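Participant:
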Amino acid sequence: MEAVLEHFHDDVVFTSPVAARLLPDTHGVVRGKSALRHYWTVALARIPNLCFTVEGVYQGVDTVVIAYRNQDDGRVSEVLKFDGDLVVEGHGTYLS
1 MEAVLEHFHD
11 DVVFTSPVAA
21 RLLPDTHGVV
31 RGKSALRHYW
41 TVALARIPNL
51 CFTVEGVYQG
61 VDTVVIAYRN
71 QDDGRVSEVL
81 KFDGDLVVEG
91 HGTYLS
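Take the sequence shown: its position 7, counting from 1, is numbered 7 in full-length UniProt numbering, and each next residue is one higher.
1) Indicate whether the contact test is met: 3 or more Cβ pairs, each with one atom in the stretch 89 to 96 and one in the stretch 6 to 15, closer than 8 angstroms.
2) Please report the Cβ distance between L5 and R46, rounded to the nearest whole angstrom; I am assuming they are in contact, meaning their Cβ atoms lie under 8 angstroms.
3) Skipping 5 residues on each side, what residues in its chain have a beta carbon closer than 6 angstroms to that of D83?
4) At which residues does the alpha helix (DSSP H) containing E2 begin and terminate?
5) Quick one: what's got a C-beta closer than 7 angstroms to W40's C-beta in the same chain, skipping five residues either side?
6) Can you list, in chain order, the residues of its chain whose CB lies under 7 angstroms from that of V42, leaving out five sequence neighbours each side?
7) What residues are listed by DSSP as bridge partners for A67?
8) Along the beta strand (DSSP E) that carries V30, what are the first and last residues, could you check?
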């Protein structure tokens, strides 16, 4: 987890409906690297079969979108916004 977190800014903001479900007090908005670490720790504990199959990676000017299927075969896109080499904002989006 720490190897992945190295790529995130200390003040990162990450939104996700999964975060809203697992950490209701966040209302789906996780603020800061420490809170992101906590969210991922809770997610890994609550979803032990968590896995991703990457289907596509799309590059923008300061963004990357990663499209993947999760452990439930759900289609997910994560939008990551960068400032230099660090992710400053991320959004998990799920096909309805």
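All residues carry an ideal CB built from backbone N, CA and C; glycine is no exception. Keep in mind the model is a prediction, meaning the values are calculated, not measured.
Facilitator: From the atom records:
1) yes
2) Not really, about 19 angstroms apart at Cβ, beyond 8 angstroms.
3) Take D83, set aside five residues on each side of it, and no residue of its chain has a beta-carbon closer than 6 angstroms to its own.
4) E2: member of the alpha helix (DSSP H) spanning E2 to L5, first to last residue.
5) M1
6) In its chain, beyond the 5 residues on either side, L22 and L23 have a beta carbon closer than 7 angstroms to the beta carbon of V42.
7) Residue pairing of A67 in beta bridges, as defined by DSSP: G56 and S77.
8) For V30, the enclosing beta strand (DSSP E) covers residues V29 to R31.
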